[in-house]
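Following the working numbering, the numbering of the sequence shown begins with 1 at its first residue and continues without gaps.
Heads up, the beta-carbon is just placed ideally off N, CA and C, and yes, glycines get one too.
These figures come from a predicted structure and were not determined experimentally.
The structure appears below as structure tokens.
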Amino acid sequence: MGMIRKKRNLFYWHCRYGYEFDNADYLKKICCADARWVERFITNSRGDLGIVYFSDFYSVYKDTNVLDKFTIINPPVLEKPMYIGFSKKAEKDNISVFFANKMEEYKVTEEYEALYEKYFGVE
Numbered sequence: 001m002g003m004i005r006k007k008r009n010l011f012y013w014h015c016r017y018g019y020e021f022d023n024a025d026y027l028k029k030i031c032c033a034d035a036r037w038v039e040r041f042i043t044n045s046r047g048d049l050g051i052v053y054f055s056d057f058y059s060v061y062k063d064t065n066v067l068d069k070f071t072i073i074n075p076p077v078l079e080k081p082m083y084i085g086f087s088k089k090a091e092k093d094n095i096s097v098f099f100a101n102k103m104e105e106y107k108v109t110e111e112y113e114a115l116y117e118k119y120f121g122v123e
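Put into structure tokens, the structure is as follows:
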């Protein structure tokens, strides 16, 4: 984070990226409603950089010329695990156990590896 001390405005989607980000007082941090707002602020020269989940950003802009206007750094700034919650009824019916087992099986497939490399692989 210290390398971007000269940047003025940072637009980001989601509101927490850890202790160092939260305490970076040299940045004017503006939380946006979604990835589209981050893009609008950056392309209209209102900000210097933005933080978004690449998968969200890519899914919104993959068929446009917007991706050509950005430099996307790799590896990701943050690789945050996502969780799926199940209701107590689902737990009673063993749906959550079934889902967890299927996810473990899926994580060792070539399809999962290709997706992981696409979104988190180091170039």
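Cβ-Cβ distance between residue i and residue j below 7 Å
{"i": "Phe54", "j": "Ala35", "result": "no"}
{"i": "Tyr119", "j": "Tyr112", "result": "no"}
Close Cβ partners of residue i (< 7 Å) along its chain, the five nearest in sequence each way excluded
{"i": "Leu67", "result": "Tyr61"}
{"i": "Asn94", "result": "none"}
Enclosing alpha helix (DSSP H) for residue i [first to last residue]
{"i": "Lys102", "result": "95-106"}
{"i": "Leu115", "result": "110-120"}
{"i": "Arg36", "result": "35-43"}
{"i": "Asp25", "result": "It is not in any alpha helix (DSSP H) - Asp25 carries neither H nor E in the DSSP assignment."}
Minimum C-alpha distance to residue i - residue among the options
{"i": "Cys32", "options": "Asn65, Phe41, Phe86", "result": "Phe41"}
{"i": "Lys28", "options": "Glu39, Tyr19, Arg46, Trp37", "result": "Arg46"}
{"i": "Asn44", "options": "Ser59, Phe70, Glu20", "result": "Phe70"}
{"i": "Leu49", "options": "Ser59, Phe86, Ile30", "result": "Ile30"}
Range covered by the beta strand (DSSP E) that runs through residue i
{"i": "Leu67", "result": "Per DSSP, Leu67 belongs to no beta strand (DSSP E) and is neither H nor E."}
{"i": "Leu49", "result": "49-51"}
Residues of its chain near residue i, where Cβ-Cβ distance is below 8 Å and the 5 sequence neighbours each way are ignored
{"i": "Leu115", "result": "none"}
{"i": "Asp63", "result": "none"}
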